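Under our numbering, residues -12 to 240 are what the sequence shown spells out, in order.
Ideal Cβ positions, reconstructed from N, Cα and C, are used throughout, including at glycine.
Every value quoted in this text rests on a predicted model; they were computed, and no experiment measured them.
Some notes on the structure that comes next.
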Amino acid sequence: MLSLLVILTDKERRSMNMNRLERVYGYTRASGMTQALATGYFLWDLCRTAPNIEVFGVETVAHAASALTIYLLGFRPFINFYSCNFLLWQLSTPFVNIHWFLDKLDMTGSRAQLINGILLVIIFFCCRLIYGTSQAAAALYDVWAIKREEMTYVPGPRSPVGLAGFPGCHKSKLQFDTGSSRIPFWLCLTHLTCGATLTFLNFYWFFKIILSLRKRFDSKNEKPEVASGVTKTSDKASTTDMAQPKKPGPNAD
């Protein structure tokens, strides 16, 4: 919710939206504060899940490590503008946690869980798959577009003639660039790897959510079978847990 507040009220951040260079290199105090809180959370998440990987699963540890890496690198600064956008993926997390608690309260297959499940699927799909994927692609495009432009420059002062073919916002900053302030190639690859991991996990968890909901409510609607005078019913405990079997829910994105 803090990231949503920053997106709506931070005028300095809003002005960065029209400038690719500022979206990659820019930094505001409000976005930095949000980024710091997210970094602390993902650090805690990694310390909690890594020692218990057999409980939480490899995918949860990979998510925590990838998210922590992206938010730590943001303090260079690097794509600080997108830090609040990425946190909006978490709007689906409360519904995942509610689903998990309903299981623990022996309300598996209840109407409350059905309503929560429908909301979860809608919000997860909109926030993580549609909005999340589009923002990850936009950040990646900005990073590599600037990287390509920077690679065309020769370090050292240049005359305005050599910058004639590039946007004005780049001329004032890059004509005195010595090369040390450019995006290193390893940073581009790290961002690409972590972003691809998080996006893949969003799709992976979404399909697990769909399968989990189908198992719960399909098993509830099954009629008891009678064989040799013994009534057989489906065992509730046989259904898999939500998205991550032994955890309240994925802490994504």
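Could you round the C-beta distance between L74 and T21 to whole angstroms and report it? I think they count as a contact, below 8 Å.
The pair is a contact, with the Cβ atoms about 7 Å apart (cut-off 8 Å).
Identify whether F153 lies in helix, strand or coil by the three-state DSSP scheme.
Residue placement at F153 is poorly supported in this model, since its pLDDT is 44, which falls under 50; the coordinates are not used for a value here.
The ligand COA and M20: does the residue's C-beta get closer than 7 Å to at least one heavy atom of that ligand?
No copy of the ligand COA occurs in the structure displayed, which carries no ligand at all.
Evaluate F190 with the Cβ neighbour count: other Cβ atoms within 10 Å of its Cβ, from every protein chain shown; 16 or more gives buried, anything less gives exposed.
It counts as exposed.
Using alpha carbons as the reference points, say which of C181, F111, A126 and T15 lies closest to F194.
When only C-alpha atoms are compared, the closest one is F111.
Ordered along the chain, which non-local residues of its own chain (more than five positions away) have a Cβ less than 8 Å from that of L116?
If we look at L116 and ignore the five residues flanking it on each side, its Cβ neighbours are N189, F190 and F193.
Identify the continuous alpha helix (DSSP H) that holds I117 and give its terminal residues.
Where I117 is concerned, there is no enclosing alpha helix (DSSP H), given that its DSSP letter is neither H nor E.
Does the stretch 93 to 100 come close enough to the stretch 22 to 33 that 3 or more CB-CB pairs lie under 8 Å?
No, they do not touch.
Can you give the Cα-Cα distance for A183 and L176, rounded to whole angstroms?
Roughly 10 Å between the two C-alpha positions.
Under 8 Å by Cβ, that's how I've got G316 and W76 pegged, so tell me the actual separation to the nearest angstrom.
It is not possible to answer for residue 316, since the shown part of the chain is limited to -12 through 240.
Give the single residue among F187, R16, R201 and T(-4) whose Cα lies nearest to the Cα of F62.
The option with the nearest alpha carbon to F62 is R16.
When the Cα of G13 is compared with those of A132, A25 and E(-1), which residue comes out closest?
Checking every option, the nearest Cα to that of G13 belongs to E(-1).
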